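Peer 1: Per the numbering used here, the very first residue in the sequence shown carries number 415; after that it's consecutive.
For each residue, glycine too, the CB sits at the ideal point set by N, CA and C.
Note that the coordinates shown come from a computational prediction; the quantities given were computed from them, not determined experimentally.
What follows is a single structure, and I will ask about it in a moment.
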Amino acid sequence: MRLSNLADYAIVIMAATARKCGGGRVSAADLAQETGIPVPTAQKIVSKLSAAGLLRSTRGAGGGLQLARPAAAISMADIVEAIEGPIALVTCIDTGDCAVDHECTVKPHWPVVNAAVRGALADVSLAKIAGSAPAQKELA
């Protein structure tokens, strides 16, 4: 399983926004320049993140983008879902479209797997991502 390039880029853009927002608003073009993501792609991602309520956009002089919530209150799961939609590793869970649904013994287990993946992504906040230290795995 891999995240799409757009989801990956969205995480990069949100981290850059989090690092810059202490100094005010930032433009999609500024984020594109800082991250190396092409401007049209950055604009598309910013639009999706704004629609999902993760970024707030202000027009006019002094306008630009800023986080809609504190970085600590935004998770990697929030960002991925803003771009990809609900986290579901197989299509039968979110669409119900499966040719072997009537005899499938695996389907009841996918919600547990999906929840575990979402939980792992939800445990990584934007504040952690935007910081310089990589996330540390806790020993159980």
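Taking Cβ to Cβ, would you say T455 is nearer than 8 Å to V426?
Peer 2: no
Peer 1: Leaving out five residues on either side along the sequence, give the residues of the same chain with a beta carbon under 7 Å from the beta carbon of N528.
Peer 2: I501, A502, L503, I507
Peer 1: Using the C-alpha atoms, what's the distance from A446 back to A465?
Peer 2: Answer to the nearest angstrom: the Cα atoms are 19 Å apart.
Peer 1: According to DSSP, simplified to helix, strand and coil, what is R470?
Peer 2: strand
Peer 1: Could you compute how far the alpha carbon of A429 sits from the alpha carbon of Q457?
Peer 2: A direct Cα-Cα distance of roughly 15 Å separates A429 from Q457.
Peer 1: State yes or no: is the C-beta of L479 within less than 8 Å of the C-beta of I488?
Peer 2: no
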